[in-house]
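Asker: All residue numbers for the sequence shown refer to my numbering, where the first residue is 14 and numbers rise by one. For each residue, glycine too, the CB sits at the ideal point set by N, CA and C. Every value quoted in this text rests on a predicted model; they were computed, and no experiment measured them.
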Amino acid sequence: MPLLQHQPKSILVTGGAGFIGSNFLHQIVPTFSDASIVNIDKLTYAGNLLSLQNIENAPNYQFVHGDICDSNLLKRLFEEHQFTTVIHFAAESHVDRSIHIPLEFIQSNVAGTASLLEVAKDAWMSESSCRETYRFLHVSTDEVFGALGAEGKFTTDSPYAPRSPYAASKASADHFVRAYAETYGLPVIISNCSNNYGPYQFPEKLIPLAIVRALEMEPIPVYSKGENVRDWLHVHDHCDALQCILSYGECGETYLVGGFGELSNLDLLKLLCNMIDEQLQRPIHTSQSLITFVQDRPGHDFRYAIDPSKLTTELGWSARYTLHEGLNATVQWYLSHQSWLKAVMDQSYRDYLKSQYVSL
Ligand code: NAD
Ligand code: TYD
């Protein structure tokens, strides 16, 4: 049976100045040239307009500096632009920060999502004649399912079992999204993706942090013994998956996104360090010697792994990058975008990093 394609006319992207949102905008602004696209972002430390310079003057794109918790602003935007499509990225996204400032995560991730849902629901209920042409795509994480042991993978049947304040806030947002679908018939789709890496990721997450530290010949912190496992996916593959889900996904459904990229943190860092040394033409093991074991993160989830078979069999998506190709391209990108790195890492962030780690 041929799949029906959703064709967005007017798109609201939230959190488009962040890592995944900016990559997604680079992809969709030229692709959906007939659609008007509005990006609302609060520009927290993790959001930066420098990441959007390539598209900032596109005729079908507009940036709005604002908070998704501001219902009045959202109402004005919905009235003005009559959005047919919402893609919701905006969130506080770093687990370590969520341990220190959980209430900020509840504010943006839970209250912010609820305020967006409420305004979207009111706008879309008043347009009942063409409600089938709407989509609300909520971009979520596999961390809502908790931690795996050495075996098994998350599937769409996995129970919710979040273990960090970040994961709990995203799980709560997922529940609100489903509640709006069940209660008001809002046409929602949820995607839960594994760990992303690639261009424009703020250097607090493991991969860009390690690249920055290796560049600066500073210690590369690995929690505990580096045995925790993550399932890595290149951000361009995630963005392709989101576009595929947006176009062909079924409302009310959940899709898990992952590309079979499992590796322990220590093995990942060793691989990354070798790539950095090779690209910088340094003697072998120069960067690896910087790897430093530090105190573990409280409640550190042992392993994540995704079974993406629903997405691959029903919608035909699959990852383009192998982990090796994706990491090499990512190292290359950061080495050739050091001015971006310097600009996003201000002194307060450097001070924050210094205060973070206790060496073992
Ligand atoms: P990010 O931290 O890089 O970017 C988040 C963006 O949201 C920033 O631009 C920030 O300014 C903006 N923002 C935060 N609070 C806001 C608010 N109240 N109002 C408006 N804007 C606000 O995050 P990311 O890695 O790009 O993640 C994007 C989304 O994808 C998040 O919802 C995250 O939970 C989800 N996700 C991330 C990953 C990953 O590995 N990074 C994996 C799966 C899912
Ligand atoms: P991170 O990039 O913060 O993503 P998440 O916590 O959402 O999975 O961390 C990826 C893995 O790397 C995770 O197991 C924690 C670990 N980690 C370190 O070992 N050292 C670090 O400095 C950071 C930031 C993370």
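Three Cβ pairs or more, each shorter than 8 Å: is that satisfied between the segment 245 to 252 and the segment 186 to 196?
Answerer: no
Asker: Taking one C-beta from the segment 24 to 37 and one from the segment 204 to 221 each time, how about it: are there three or more such pairs within less than 8 Å?
Answerer: Flag = yes, the segment 24 to 37 and the segment 204 to 221 touch.
Asker: On the DSSP bridge list, what partners appear for residue 126?
Answerer: What you label residue 126 is simply residue 113 of the sequence shown in a count that begins at 1. Bridge partners of residue 126: none, in fact.
Asker: Tell me whether residue 137 sits in a helix, a strand or coil according to DSSP, three-state version.
Answerer: Residue 137 sits at position 124 when you count from the first residue of the sequence shown. Three-state result, residue 137: helix.
Asker: Quick one: give me the first and last residue of the beta strand (DSSP E) that residue 206 is part of.
Answerer: By one-based count along the sequence shown, residue 206 stands at place 193. Its beta strand (DSSP E) spans residues 201 to 206.
Asker: Specify the secondary structure class of residue 169 as computed by DSSP and reduced to three states.
Answerer: Along the sequence shown, read from residue 1 onward, the residue named residue 169 stands at position 156. Here residue 169 sits in coil by DSSP.
Asker: Answer yes or no: the CB of residue 235 versus the heavy atoms of the ligand TYD, is any distance below 6 Å?
Answerer: Sequence index remark: in the sequence shown, residue 235 carries index 222 (1-based). For the ligand TYD, at least one heavy atom lies less than 6 Å from the Cβ of residue 235.
Asker: According to DSSP, which residues form a beta bridge with residue 245?
Answerer: Position 232 of the sequence shown, counting from 1, holds the residue named residue 245. According to DSSP, residue 245 bridges with 208.
Asker: On the DSSP bridge list, what partners appear for residue 49?
Answerer: Against the sequence shown, residue 49 aligns to sequence position 36. Answer is 23, bridged to residue 49.
Asker: Any chance the CB of residue 218 is under 6 Å from a heavy atom of the ligand TYD?
Answerer: Residue mapping note: residue 218 aligns to position 205 of the sequence shown, counting from 1. Yes.
Asker: Going along the chain, which residues of its own chain have a beta-carbon closer than 6 Å to the beta-carbon of residue 71, five neighbours each way excluded?
Answerer: Numbered from 1 along the sequence shown, position 58 holds the residue referred to as residue 71. Within the same chain, residue 71 has close Cβ partners 42.
Asker: Helix, strand or coil: how does DSSP classify residue 310 here?
Answerer: Locating residue 310 in the sequence shown gives position 297, counting from the first residue. DSSP places residue 310 in coil when its eight states are reduced to three.
Asker: Within 10 angstroms of the Cβ of residue 148, are there 16 or more other Cβ atoms? Answer buried if so, exposed if not.
Answerer: For the purposes of this step, residue 148 is taken as the residue at position 135 of the sequence shown. With 16 or more Cβ atoms within 10 Å of its Cβ, residue 148 is classed as buried.
Asker: Enumerated in chain order, which unbroken segments of the alpha helix (DSSP H) with a length of 4 residues or greater are wholly contained in the segment 72 to 128?
Answerer: Taking only runs of at least 4 residues, the alpha helix (DSSP H) segments lying wholly in the segment 72 to 128 are 84 to 94, 108 to 113, 115 to 118.
Asker: Three Cβ pairs or more, each shorter than 8 Å: is that satisfied between the segment 336 to 347 and the segment 205 to 214?
Answerer: yes
Asker: Can you check DSSP and say which residues form a bridge with residue 236?
Answerer: As a working mapping, residue 236 is identified with position 223 in the sequence shown. 307.
Asker: To the nearest angstrom, report how far apart residue 125 and residue 82 are at their CA atoms.
Answerer: Looking up residue 125 in the sequence shown gives position 112. Looking up residue 82 in the sequence shown gives position 69. Taking the straight line joining both Cα atoms gives about 4 Å.
Asker: Under DSSP, the beta strand (DSSP E) around residue 150 begins and ends at which residues?
Answerer: Residue 150 sits at position 137 when you count from the first residue of the sequence shown. Residues 148 to 154.
Asker: Report yes or no: is there a C-beta of chain C within less than 7 Å of the C-beta of residue 273?
Answerer: This model lacks chain C altogether, as it is built from one protein chain only.
Asker: Could you tell me which residues DSSP puts in a beta bridge with residue 267?
Answerer: Numbered from 1 along the sequence shown, position 254 holds the residue referred to as residue 267. Looking at the DSSP assignment, residue 267 forms a beta bridge with 203.
Asker: How many angstroms separate the CA atom of residue 273 from the CA atom of residue 231?
Answerer: What you label residue 273 is simply residue 260 of the sequence shown in a count that begins at 1. What you label residue 231 is simply residue 218 of the sequence shown in a count that begins at 1. Linking residue 273 to residue 231 through their CA atoms gives a straight-line distance of about 31 Å.
Asker: Could you check if residue 116 is buried or exposed, using at least 16 other CB atoms within 10 Å of its CB as the buried criterion?
Answerer: Counting from one through the sequence shown, the residue named residue 116 turns up at place 103. Exposed is the call here.
Asker: Is residue 85 near the ligand NAD, with its Cβ less than 6 Å from a heavy atom?
Answerer: Along the sequence shown, one-based indexing puts residue 85 at 72. False, no ligand heavy atom lies under 6 Å from that Cβ.
Asker: Which residues bound the alpha helix (DSSP H) around residue 322?
Answerer: Taking the sequence shown and counting its residues from 1, one reaches residue 322 at position 309. Its alpha helix (DSSP H) spans residues 322 to 328.
Asker: Note down the Cα distance separating residue 179 from residue 74, rounded to an integer number of angstroms.
Answerer: Mapped onto the sequence shown, residue 179 falls at position 166. Mapped onto the sequence shown, residue 74 falls at position 61. Near 30 Å, if we compare the C-alpha coordinates of residue 74 and residue 179.
Asker: Count the other C-beta atoms from every protein chain shown that fall within 10 angstroms of the C-beta of residue 13, then say buried if there are 16 or more, exposed otherwise.
Answerer: Since the first residue of the chain shown is 14 and the last is 373, residue 13 is not available in this structure.
Asker: The alpha helix (DSSP H) with residue 182 in it runs from where to where?
Answerer: Counted from its first residue, the sequence shown places residue 182 at position 169. Unbroken alpha helix (DSSP H) run through residue 182: 178 to 197.
Asker: Pull up the distance between the alpha-carbon of residue 50 and that of residue 199, whole angstroms please.
Answerer: Taking the first residue of the sequence shown as 1, we reach residue 50 at position 37. Taking the first residue of the sequence shown as 1, we reach residue 199 at position 186. Looking at the two C-alpha atoms, the distance is approximately 21 Å.
Asker: Does at least one heavy atom of the ligand TYD sit under 6 Å from the Cβ of residue 67?
Answerer: Locating residue 67 in the sequence shown gives position 54, counting from the first residue. It does not: the Cβ of residue 67 is nowhere closer than 6 Å to a heavy atom of the ligand TYD.
Asker: Flag residue 243 as yes when its Cβ comes closer than 6 Å to any non-hydrogen atom of the ligand TYD, and as no otherwise.
Answerer: What you label residue 243 is simply residue 230 of the sequence shown in a count that begins at 1. At least one heavy atom of the ligand TYD lies closer than 6 Å to the C-beta of residue 243.
Asker: Where does residue 219 sit, in a helix, a strand or coil, going by DSSP?
Answerer: Looking up residue 219 in the sequence shown gives position 206. Reduced to three states, the DSSP call for residue 219 is helix.
Asker: Alpha carbon to alpha carbon, how far is residue 111 from residue 177?
Answerer: Sequence index remark: in the sequence shown, residue 111 carries index 98 (1-based). Sequence index remark: in the sequence shown, residue 177 carries index 164 (1-based). Cα to Cα, residue 111 sits roughly 7 Å from residue 177.
Asker: On a CA-only basis, which of 316, 65, 324, 76 is nearest residue 256? Give me that one, please.
Answerer: Numbered from its first residue, the sequence shown carries residue 256 at position 243. If we check each option's Cα against that of residue 256, 324 comes out closest.
Asker: Any heavy atom of the ligand NAD within a distance shorter than 6 Å of the CB on residue 55?
Answerer: The sequence position of residue 55 within the sequence shown is 42, counting from 1. Answer for residue 55: yes, Cβ within range of the ligand NAD.
Asker: Alpha helix (DSSP H) containing residue 354: first to last residue?
Answerer: By 1-based counting over the sequence shown, the position of residue 354 is 341. Its alpha helix (DSSP H) spans residues 351 to 357.
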